[in-house]
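*Asks:* These protein sequence lines map, in sequence, to chains A and B.
Mind the numbering: the first sequence is residues 3 to 308 in this note's numbering, read in order.
Mind the numbering: the second sequence is residues 858 to 1117 in this note's numbering, read in order.
Even for Gly, the Cβ is constructed at its ideal location relative to N, Cα and C.
Computed from a predicted model, the values in this text were never measured in an experiment.
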Amino acid sequence: MSETVLRTRDLTKHYGDHAAVHAMSIRLERGRIYGLIGRNGAGKTTLMRLIAGLSIPNSGSIELFGADAERPRTADLARIGTLIESPSLHGGMTARQNMHLHRLLRGVPDPRVEERLLELVGLAGTGRKKVRDFSLGMRQRLGIALALIADPELLILDEPVNGLDPQGVVEVRRLVRSLAEERGMTVLISSHNLPELFQTATDYLIVEGGELRMTLTLEELEAQTQQYLEVAAADPAALLTALEEAWPDAEARVMPGGTVRLPHHADRAEQVLRTLVAADVWPTRLAREGESLESFFLSVIGGERA
Amino acid sequence: MINQLRADLYAIGRTGPVLICLAVAVLAAALYTVLQHSLAAGDLGPEAASGVQVLSDALMVSLMGPLLFGALVAQPFETTSVHNSLLASGRGAFVGAKTVLTAAAVTALSLPYGIAVLIGLATEQEFAPAIPTAFSQLLAAGGGLDGGRVGEILAITATMAVLTTAKLSVCLPLAFVLRRPLVVMAIGFVWGFLADLIGSTAADVEGLDALVRLTPFARDHVPGLDATGGDLVGTLAVSLVFIALMGLVSWLLFRRADVK
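Shown next, in the form of structure tokens:
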């Protein structure tokens, strides 16, 4: 049975009259990567702050590692690593000195963790270079290393690929996946980069207007965003027979109204047309359909911004 | 709390504000002592006294103390390093560590003035106070330096340093609320002068005088040449309790505050 790392119940945070997070109930399981998706101002960062104990909820509760409370206990917070908005860096120090400072802060006894994490994020060779002279991408990578310094069980990353070049994005993706798969770390990660989240996360939380609109697994998201070829003909039975004879593994699905969906043939319209004509089945409709990641996201949150 | 203190001490050793302020305090104390001798010797006219007093502990500590509160308490909110602090040890430990650290750092700013008094007295030269602070009066009083006198000056120095820190410790809750180093510094600097004025005025109001004596703002607490051991202990106790009270106020203000 999967272990629950975090559960929020009706979590609500108001700033004046504005509900940044409203009655949000989520559950995160150990070893999974949760992509937090939402527009600017949707409540992603506020939710992360609430979980990390940086903000105090107006109502609702946070159950962290099995301990239920209005807000997380200090002992449980120590099991979390965060990179929220901007990395916690001292510009006048080197990467190694920043690592050392945060190792002292978190009470981690083994000094070797500093070098190991710097190597992990590709900053082992920065030597005496001050962090103030780092690029945005280097700062982000150091921020991730700092978030990992106490070997957290729950890692919260707010826009971690901001400012990273394509190679850096791939490295962060690999790192996050390996942390979840090899160490059983639970990761909550937000990003505006939907395709990137699609490749990284195992589960998705879609938020809008401070409310949780949908939770779904990668498999469910793939099903929702799959492209397919939709074919219709005057004789649906003949149409289905012709398609199944040509592609026995096509997983053709007959839809209400008699149209047939071919999930693996979105790019093979011409081939399908030739096959049907050869079988003397004349299609009345042949179209590529299905939602892209972006259009699915927009449909969940209620369309494009006015 | 220990982890937070260790991390803060590590950061202090590698970043500017505290070390720079301490260096400035040492230089100012040395220069102030030399110039007080020049005033006494007539190398500087009485009209120069107002310029010389800029280097006094009264002004320098009032200026640099709030700066340290801003740098040590408010700065982590700007750099977001407070995130890791709160995850590591919680809000109570964070406030506790910052209270201890800022109190120690601001107290250290006054110590060079006490050491300068010792060195000045050892030279057996004459000194004229540019402004009648406790340190200037000790220096101007002259007298030989035996073991008892050294101990007396060290005790007055420590008491005066802690008293000044206590007066400025209102910057601690300010820093937790405002979280802007420069704003804390500006308000703290003005407060340094207003506090003595308010304390003096309130002490003259019947009924309020007893209350003011429970705070570091009472004139009676400034250790003079004739201060007894009991006076110094009383002043130290009032100062330390006040600093602890400011720590408590900070915690009450911060325990449920949102952190950006």
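(1) Flag this pair as yes or no: are the beta carbons of threonine 1016 of chain B and threonine 936 of chain B separated by less than 8 Å?
(2) Measure the beta-carbon distance from glycine 186 of chain A to glycine 33 of chain A and round it to whole angstroms, keeping in mind my assumption that it falls under 8 Å.
(3) Between asparagine 860 of chain B and the rest of its own chain, which residues show a CB-CB distance below 7 Å, the 5 nearest in sequence each way excluded?
(4) So for methionine 50 of chain A, helix, strand or coil by DSSP?
(5) By a C-beta neighbour count over all protein chains shown, 10 Å radius and 16 as the cutoff for buried, is lysine 1024 of chain B buried or exposed?
(6) Ordered along the chain, which non-local residues of its own chain (more than five positions away) have a Cβ less than 6 Å from that of glycine 971 of chain B?
(7) What does arginine 108 of chain A touch in chain B if you count any residue whose Cβ is under 8 Å from its own?
(8) Tell me where the alpha helix (DSSP H) around threonine 202 of chain A begins and ends.
(9) Alanine 868 of chain B touches chain A at which residues, Cβ-Cβ below 7 Å?
(10) From this set, A:Met95, A:Val209 and A:Glu117, which residue's C-alpha is nearest phenylalanine 136 of chain A's C-alpha?
(11) Smallest Cα separation from threonine 872 of chain B: which of A:Ala147, A:Gln99 and A:Arg29?
(12) How would you list, in chain order, the residues of chain B whose beta-carbon sits under 7 Å from the beta-carbon of arginine 99 of chain A?
(13) Go through its chain and collect everything with a Cβ distance to alanine 864 of chain B's Cβ below 6 Å, but skip five positions before and after it.
(14) Any contact of the region 195 to 206 of chain A with the region 26 to 41 of chain A, i.e. 3+ C-beta pairs under 8 Å?
(15) Please state whether the Cβ-Cβ distance between valine 7 of chain A and glutamate 184 of chain A is less than 8 Å.
(16) Touch check for the region 251 to 267 of chain A and the region 207 to 223 of chain A: three-plus C-beta pairs under 8 Å?
(17) Please list the partners that alanine 864 of chain B has in chain A, where partner means a Cβ-to-Cβ separation under 8 Å.
(18) Arginine 307 of chain A by DSSP, collapsed to three states: which one?
(19) For tyrosine 17 of chain A, count neighbouring C-beta atoms within 10 Å of its own C-beta (all shown protein chains included) and say buried if the count is 16 or more, exposed if not.
(20) Exposed or buried, what is alanine 308 of chain A when buried is set at 16 or more other beta-carbons lying within 10 Å of its beta-carbon?
(21) Determine, for serine 88 of chain A, whether the minimum Cβ-Cβ distance to residues of chain B falls below 8 Å.
(22) Could you tell me whether the Cβ atoms of phenylalanine 1111 of chain B and arginine 948 of chain B are closer together than 8 Å?
(23) Could you please give me the residues that DSSP links to alanine 69 of chain A through a beta bridge?
(24) Shorter than 8 Å from the beta carbon of methionine 26 of chain A to some beta carbon of chain B?
(25) Less than 8 Å between the C-beta atoms of glutamate 161 of chain A and serine 192 of chain A, yes or no?
(26) Among all the DSSP beta bridges, which residues are the ones paired with isoleucine 158 of chain A?
(27) Give the DSSP-derived three-state secondary structure of leucine 207 of chain A in the structure shown.
(28) Where DSSP assigns a beta bridge to alanine 1015 of chain B, which residues make up the other side?
(29) Which residue from B:Ala915, B:Leu1051 and B:Glu904 puts its Cα closest to that of threonine 964 of chain B?
(30) Using a 10 Å radius around the Cβ and a threshold of 16 neighbouring Cβ atoms, would you call glycine 1104 of chain B buried or exposed?
(31) Between glycine 45 of chain A and chain B, is there a C-beta pair that is closer than 8 Å?
(32) Quick one: measure Cβ to Cβ for methionine 26 of chain A and leucine 159 of chain A, integer angstroms, because I've assumed they're closer than 8 Å.
(33) Where proline 1073 of chain B and alanine 880 of chain B are concerned, what is the direct C-alpha to C-alpha distance, given to the nearest angstrom?
(34) Have a look at arginine 138 of chain A and isoleucine 1044 of chain B and give me their C-alpha separation to the nearest angstrom.
*Replies:* The structure says:
(1) Taking 8 Å as the Cβ cut-off, threonine 1016 of chain B and threonine 936 of chain B do not qualify as a contacting pair.
(2) Right, the Cβ-Cβ distance comes to about 4 Å (below 8 Å), so this counts as a contact.
(3) Its chain contains Ala945 and Ser946 as the residues whose beta carbon lies nearer than 7 Å to that of asparagine 860 of chain B, once the 5 sequence neighbours on both sides are disregarded; these appear in chain order.
(4) Residue state, collapsed to three classes: helix.
(5) Answer is buried; the Cβ neighbour count reaches 16.
(6) For glycine 971 of chain B, where only same-chain residues beyond five positions count, the Cβ hits under 6 Å are Thr1014.
(7) What arginine 108 of chain A touches in chain B, judged by beta-carbon distance under 8 Å, is Asn860, Asn941, Leu944 and Ala945, going in chain order.
(8) Taken as a continuous stretch (DSSP letters only), the alpha helix (DSSP H) holding threonine 202 of chain A covers 196 to 202.
(9) Residues of chain A passing the Cβ test: His92 and Leu103.
(10) That would be A:Met95, whose Cα lies nearest to the Cα of phenylalanine 136 of chain A.
(11) The residue from A:Ala147, A:Gln99 and A:Arg29 with its alpha-carbon nearest to that of threonine 872 of chain B is A:Gln99.
(12) The question names arginine, yet the displayed sequence has glutamine at residue 99 of chain A. Listed along chain B, the residues sitting closer than 7 Å to glutamine 99 of chain A by beta-carbon distance are Arg871.
(13) Excluding residues within five positions, none has a Cβ falling inside 6 Å.
(14) Between the region 195 to 206 of chain A and the region 26 to 41 of chain A, the count of Cβ pairs shorter than 8 Å is three or higher; the stretches touch.
(15) Contact flag unset, no.
(16) They do not touch, by the three-pair rule.
(17) Within chain A, the residues near alanine 864 of chain B are Leu103, His104, Leu106 and Leu107.
(18) Legend: pLDDT at arginine 307 of chain A = 43, less than 50; position of this residue unreliable, value from coordinates given subsequently. Looking at arginine 307 of chain A - three-state DSSP - the assignment turns out to be coil, as it is neither helix nor strand.
(19) Result: exposed.
(20) The pLDDT assigned to alanine 308 of chain A is 37, lower than 50, so where the model puts this residue is not dependable, and the model offers no usable value.
(21) Chain B, which has a Cβ nearer than 8 Å to the Cβ of serine 88 of chain A, makes this yes.
(22) Using a Cβ distance threshold of 8 Å, phenylalanine 1111 of chain B and arginine 948 of chain B count as a contacting pair.
(23) According to DSSP, alanine 69 of chain A bridges with A:Leu66.
(24) Chain B contact via Cβ: absent.
(25) Taking 8 Å as the Cβ cut-off, glutamate 161 of chain A and serine 192 of chain A qualify as a contacting pair.
(26) In the DSSP assignment, isoleucine 158 of chain A is bridged to A:Thr84 and A:Leu190.
(27) The answer is strand: DSSP assigns leucine 207 of chain A an E or B state.
(28) Answer by DSSP bridge pairing: none, since alanine 1015 of chain B is not bridged.
(29) When each option's Cα is compared against that of threonine 964 of chain B, the closest is B:Ala915.
(30) By the neighbour-count definition (other C-beta atoms within 10 Å, threshold 16), glycine 1104 of chain B is a buried residue.
(31) Interface flag for glycine 45 of chain A against chain B is unset, since no Cβ pair is found closer than 8 Å.
(32) Not really, about 19 Å apart at Cβ, beyond 8 Å.
(33) Put simply, the backbone Cα of proline 1073 of chain B is about 26 Å away from that of alanine 880 of chain B.
(34) First, the amino acid is wrong: residue 138 of chain A is leucine here, not arginine. One alpha carbon belongs to leucine 138 of chain A, the other to isoleucine 1044 of chain B, and they sit about 34 Å apart.
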